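See structure below.
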Amino acid sequence: MLSIVEIDYGTPKSRSETMVALEIDGQRIEVPEGTSVMRAAAQAGISIPKLCATEMLEAFGSCRLCLVEIEGRKGYPASCTTPVSAGMKIATQTPKLAQIRRGVMELYISDHPLDCLTCPANGHCELQDMAGVVGLREVRYGYDGANHVYAKQKDGTANPLFAAKDESNPYFTFDPSKCIACSRCVRACDEIQGTFALTIQGRGFESKVSASQDNRFLESECVSCGACVQACPTATLSETSLIDKGQAEHSVVTTCAYCGVGCSFRAEMKGQDLVRMVPNKDGHANHGHSCVKGRFAMGYATHPDRITTPMVRSKISDPWRAVSWDEAIAHVASEFRRLQAAYGNHAIGGITSSRCTNEETYLVQKLVRAGFGNNNVDTCARVCHSPTGYGLKATLGESAGTQDFDSIASTDVVLVIGANPTDAHPVFGSQMKQRLRAGARLIVIDPRRIDLVRTPHIKADHHLRLRPGTNVALLNTLAHVIVTEDLVNETFVASRCETEAFAKWRAFVAQEKYSPEAMENVTGVPAASARAAARLYATGGNGAIYYGLGVTEHAQGSTAVMAIANLAMATGNIGREGVGVNPLRGQNNVQGSCDMGSFPHEFPGYRHVSDDAVRHSFEEAWGVPLLAEPGLRIPNMFEAALDGSFKGLYIEGEDIAQSDPDTQHVTAALTAMECIVVQDLFLNETAKFAHVFLPGSSFLEKDGTFTNAERRISRVRKVMEPKGGYADWEVTQLLAQAMGYPMNYTHTSQIMDEIARLTPTFHGVSFEKIDQLGSIQWPCNEEHPSGTPVMHVGEFVRGKGRFMLTEYVPTSEKVTAEHPLILTTGRILSQYNVGAQTRRTANVMWHDEDRLEIHPHDAEERGILEGDWVGIASRAGETVLRATLSERMQPGVVYTTFHFPGSGANVITTENSDWATNCPEYKVTAVQVTRVTQPSEWQRRHRAFTEAQEALLEQSVKPA
Amino acid sequence: MRIERLITMANDIATYFAVEPDHAAAVGGVRDHLKRFWDPVMRRQLKTYLAEGGEGLLPLAREAVTGLDAPPADAP
Chain A
23 MLSIVEIDYG TPKSRSETMV ALEIDGQRIE VPEGTSVMRA AAQAGISIPK LCATEMLEAF
83 GSCRLCLVEI EGRKGYPASC TTPVSAGMKI ATQTPKLAQI RRGVMELYIS DHPLDCLTCP
143 ANGHCELQDM AGVVGLREVR YGYDGANHVY AKQKDGTANP LFAAKDESNP YFTFDPSKCI
203 ACSRCVRACD EIQGTFALTI QGRGFESKVS ASQDNRFLES ECVSCGACVQ ACPTATLSET
263 SLIDKGQAEH SVVTTCAYCG VGCSFRAEMK GQDLVRMVPN KDGHANHGHS CVKGRFAMGY
323 ATHPDRITTP MVRSKISDPW RAVSWDEAIA HVASEFRRLQ AAYGNHAIGG ITSSRCTNEE
383 TYLVQKLVRA GFGNNNVDTC ARVCHSPTGY GLKATLGESA GTQDFDSIAS TDVVLVIGAN
443 PTDAHPVFGS QMKQRLRAGA RLIVIDPRRI DLVRTPHIKA DHHLRLRPGT NVALLNTLAH
503 VIVTEDLVNE TFVASRCETE AFAKWRAFVA QEKYSPEAME NVTGVPAASA RAAARLYATG
563 GNGAIYYGLG VTEHAQGSTA VMAIANLAMA TGNIGREGVG VNPLRGQNNV QGSCDMGSFP
623 HEFPGYRHVS DDAVRHSFEE AWGVPLLAEP GLRIPNMFEA ALDGSFKGLY IEGEDIAQSD
683 PDTQHVTAAL TAMECIVVQD LFLNETAKFA HVFLPGSSFL EKDGTFTNAE RRISRVRKVM
743 EPKGGYADWE VTQLLAQAMG YPMNYTHTSQ IMDEIARLTP TFHGVSFEKI DQLGSIQWPC
803 NEEHPSGTPV MHVGEFVRGK GRFMLTEYVP TSEKVTAEHP LILTTGRILS QYNVGAQTRR
863 TANVMWHDED RLEIHPHDAE ERGILEGDWV GIASRAGETV LRATLSERMQ PGVVYTTFHF
923 PGSGANVITT ENSDWATNCP EYKVTAVQVT RVTQPSEWQR RHRAFTEAQE ALLEQSVKPA
Chain B
8 MRIERLITMA NDIATYFAVE PDHAAAVGGV RDHLKRFWDP VMRRQLKTYL AEGGEGLLPL
68 AREAVTGLDA PPADAP
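These protein sequence lines map, in sequence, to chains A and B.
Take 23 as the starting number for the first sequence in my numbering and just add one per residue.
Take 8 as the starting number for the second sequence in my numbering and just add one per residue.
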């Protein structure tokens, strides 16, 4: 069922700029060339009956309801498949058309149950609407004959055409008895999602929708994106929540709080109760598509595990004491001031969240800089995309991706490195697949055979299956080929880039040691493949690079980002549609949290704290002197905690005890501190080490903005009251006030106004403007009043682009006899980051444990069979998971996800980090894998600790 | 903080800049990086360590830290 508020124009919008004039029902209409007659009519307010058409899909012409008469043409063409032409005269309502449509509807209804009053789609069913529109008054055929409606035939025997409901998917129900075989679900799966899980099986009257090989939905290839559910014109595919709750009465546009794609959704509500999330057709990042997380995995927001009362305790071995907000805030303020008095101003700090809004992260860094009086603020982007900030700033001049997602429509060669879009950024992954199916070429650089390498109707031209940790070596070989085979875009480089830096770089990458042949033994990539890929990227037309944490989370993360920017500059693939350098951000507001000054060395807008003019502008606005020296990064905070100089930490919406590397080091640091304040939805892993718990609010409970991977600022709108009483920004404000630093915002729009005033790239941003435009891509200011989809047009933000030298330095994390395999980590479609949200939804039906993926050869050598328990040991620690044998892995490399705390994936990862930003080297850990029979010692301790902490929580809820 | 960790981090930075053919630019690069991204406490600790001998620091790191201004007295 479509959204309750959207209008469906029947066929996709034409992008043509040539206009065509025609006449429909006597009305003169002008529309872009390529528009269908159906859409032209709809745009003029004329509704032509339809069933198989929806503007989300290409015209199909099967339902025969949308027939029209066109002057001078024979017959009754379908308006959905007929494009407009100049001077056309069309009649949409004639006696003959009425007769045909009624006849068609009579046939449809003769094989459809008449249970409208008890049907979930009642009132929003397109079939029901069409029956009304065509004036259907009788169905002459009866139900005695062959039908799909009744389980039994008239004689009491089983009806062979009938199929029972498929309720295997936790989020939607498939009721074949209501199906009209319009193929909208099948087409949505093919055209939009690109999974091709559905098909119409059989012919004629036996045609039926089938998932994979007549499987149940859950067991099929279906990825539960829900595109089919949204496309269904009847209740054949309905959200289970819609079936349970009934239809929504109002709808609010908001932004998804999962990954960095930042999909726009309509939260369809009954009062304060969420009925369903429907992706917004007008959403600029997602154009009406979504994934299993954003559309369906919302149960966490109202999960009984939510903690909605502030809690305090003096030691982590004490039971929690539920207290009032006043008491909790006063306690934190007095503890933080006590620690500063005893150990120095520097002894406390804060961590902002990439899951919170821009306004919330801005307030936390403001609290730290102005209220705490130091610069000890950092964000979880430290452990994911901090190298992007460093690398792109150094080369291009701005710490952000260069394009909008739609830019890919003009891309000829897609280069994906260290990213797995179909799992981690599924909605953009689908958009990428659409472009690839339409003919763009594909280069994948990844140690694993990710799905994109071979997926229906897509095959990568080159999969450069490199060894983990050799990104820079491989990128240098690509640069070597470009430079030595004269593939440099000399005109672009000469006019747009620093001459001297380029000359230095050209000589550097031209060295024989960076030839693909010389590097083959290092990267493991056959020289011929590297050469062919480099040639394709340099000469195949518009080349666009998409990368993720497989690039950044390395000892040379920042170097690899710069190497990528170098490649784009050298080939002139920057500064226009279809090209660019595109970091795919992990969490919803990674870009925003970085923009908002969450790093210890930068004010909002990526301006260094030592810049006097900038600092003075903040001092003036905030009314206090500010430090000109950088503060502690997250890993520095841990070190400082362990040496006794750092004692208190305010953590908003992050779970460092699970997400950060070398867990045992992190928990030792947490244990060494005196006042840890966790503000979150749940008692997460970090909260188990906390002294104060402040209830956080979900994205459904507050107003604000998120900024996605395209620099797109979108509104988050409150649809229900905060369960704990306050939105997160209000809690930060209360804490500031209690610490004697005044903050008096009454609405988050005032916070954005302050950000806009103080940040040149945000000067033009306001809630009002976002409401007006739908979303805005920064920079948005006097120069770019409506925002900036593509950056660096004509000139780089830093003026001239700067080539940086990118020497390959092998990581110190090397395989040895003791640790002969390389572990790399990543995520999976159905789960999100530390899993705090998705583990509390039915998404666990797809992934209920983290497993170790290992190549069959490595498994055989160790006597490991599918499903065996295996110990994974590194120099940092050891954990135990079950093994899955997979040829997606290359021999010598193992892989796991980190969505479950008990998996202890980060017990194994080490303290190694990126040279420039200290982003951890999650992607390369030397390990040994052996068959075992019991959990690791860490896991046993973790389980005991968790049980003890849960008991302490239980005691607080039920005081004696 | 653990000095071993600071040494590793400083050496990692020096290793990146070591490729720079202009030696002065390489030293400046390391020094500027430390100044822009390292908390004053860490800079001060590394300077002290170097004054005490600085064992384990790569030559480029040593050179950069030698010329590194002491953080201002009012800094943490």
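Just so it is clear, CB atoms sit at the ideal spot from N, CA and C, and this is done for glycine as well.
Computed from a predicted model, the values in this text were never measured in an experiment.
{"Asked": "Rounded straight-line distance, which links the Cα of Phe318(A) to that of Arg288(A)", "Found": "13 Å"}
{"Asked": "For Lys455(A), the three-state DSSP class (helix, strand or coil)", "Found": "helix"}
{"Asked": "Asn18(B) and Ala68(B) closer than 8 Å at C-beta", "Found": "yes"}
{"Asked": "Euclidean distance between Cα positions of Glu11(B) and Asp684(A)", "Found": "17 Å"}
{"Asked": "Beta-carbon proximity list for His785(A), same chain, < 8 Å, skipping 5 on both sides", "Found": "Ala778, Arg779, Cys802, Asn803 and Glu804"}
{"Asked": "Close Cβ partners of Ala143(A) (< 7 Å) along its chain, the five nearest in sequence each way excluded", "Found": "Met23, Thr256, Ala257 and Ser260"}
{"Asked": "Any C-beta of chain A under 8 Å from that of Glu11(B)", "Found": "no"}
{"Asked": "contact_flag[the segment 361-377 of chain A, the segment 604-623 of chain A] where n(CB pairs < 8 Å) is 3 or more", "Found": "yes"}
{"Asked": "Within the segment 362-413 of chain A, ranges of the beta strand (DSSP E) (whole runs, at least 3 residues)", "Found": "370-374 and 399-401"}
{"Asked": "Simplified DSSP state of Cys941(A), which is helix, strand or coil", "Found": "coil"}
{"Asked": "Residues near Asn658(A) by beta carbon distance below 6 Å, same chain, minus five either side", "Found": "none"}
{"Asked": "Given Ile265(A) as reference, the closest of Val274(A), Gln252(A), Pro135(A) and Val297(A) once Cα atoms are compared", "Found": "Val297(A)"}
{"Asked": "Cross-chain neighbours of Trp527(A) in chain B, by beta carbon under 9 Å", "Found": "The premise fails here: Trp527(A) is roughly 11 Å from chain B at the closest Cβ pair, so nothing lies under 9 Å."}
{"Asked": "Length of the line joining the Cα atoms of Glu875(A) and Gly914(A)", "Found": "11 Å"}
{"Asked": "Beta-bridge pairing of Val915(A) - partner residues as DSSP gives them", "Found": "Ile844(A)"}
{"Asked": "8 Å contact criterion, which Gly83(A) and Ala100(A) should meet: CB distance rounded", "Found": "4 Å"}
{"Asked": "Supposed contact pair His447(A) and Ser551(A) - C-beta distance, whole angstroms, cut 8 Å", "Found": "Contact flag wrong, Cβ pair sits at about 25 Å."}
{"Asked": "9 Å Cβ cut-off: residues of chain A touching Ala77(B)", "Found": "Result: empty, since nearest Cβ-Cβ is about 12 Å, beyond 9 Å."}
{"Asked": "Beta-carbon proximity check, Asn181(A) vs Lys174(A), cutoff 8 Å", "Found": "yes"}
{"Asked": "Closer than 9 Å at the beta carbon, the chain B residues around Asp665(A)", "Found": "Met8 and Arg9"}
{"Asked": "Inter-residue CB distance, Gly316(A) and Met299(A) (contact presumed, cutoff 8 Å)", "Found": "7 Å"}
{"Asked": "Buried or exposed by the 16-neighbour rule on C-beta atoms within 10 Å, applied to Gly35(A)", "Found": "Checking the sequence shown, residue 35(A) turns out to be Lys, not Gly. That one is exposed."}
{"Asked": "Cα-Cα separation, Glu512(A) to Thr410(A)", "Found": "26 Å"}
{"Asked": "Short CB-CB distance (under 8 Å) between Trp868(A) and chain B", "Found": "no"}
{"Asked": "Start-end ranges of the beta strand (DSSP E) lying completely within the segment 247-320 of chain A, minimum 3 residues", "Found": "259-261, 272-277, 286-292 and 295-301"}
{"Asked": "Contact list for Asn396(A) against chain B, beta-carbon separation under 8 Å", "Found": "Pro83"}
{"Asked": "7 Å Cβ cut-off: residues of chain B touching Ala662(A)", "Found": "Met8"}
{"Asked": "Beta-carbon contacts of Ala482(A) that lie in its chain and below 6 Å, excluding the five residues immediately before and after", "Found": "Leu464, Val466 and Val475"}
{"Asked": "Contacting positions in the segment 815-846 of chain A - beta carbon closer than 9 Å to chain B", "Found": "Leu827, Thr828, Glu829, Val831 and Ser834"}
{"Asked": "The beta strand (DSSP E) enclosing Val892(A), as first and last residue numbers", "Found": "Trp891 to Ala895"}
{"Asked": "Below-8 Å beta-carbon distance, Ile20(B) vs any chain A residue", "Found": "yes"}
{"Asked": "Residues that His630(A) contacts on chain B, provided the C-beta gap is smaller than 8 Å", "Found": "Arg43"}
{"Asked": "Nearest residue (CA-CA) to Val954(A), options Val251(A), Glu534(A) and Val892(A)", "Found": "Val892(A)"}
{"Asked": "Length of the line joining the Cα atoms of Met152(A) and Leu73(A)", "Found": "8 Å"}
{"Asked": "Any 3 or more C-beta pairs closer than 8 Å across the segment 508-526 of chain A and the segment 539-553 of chain A", "Found": "no"}
{"Asked": "Thr433(A) (DSSP reduced to helix, strand or coil)", "Found": "coil"}
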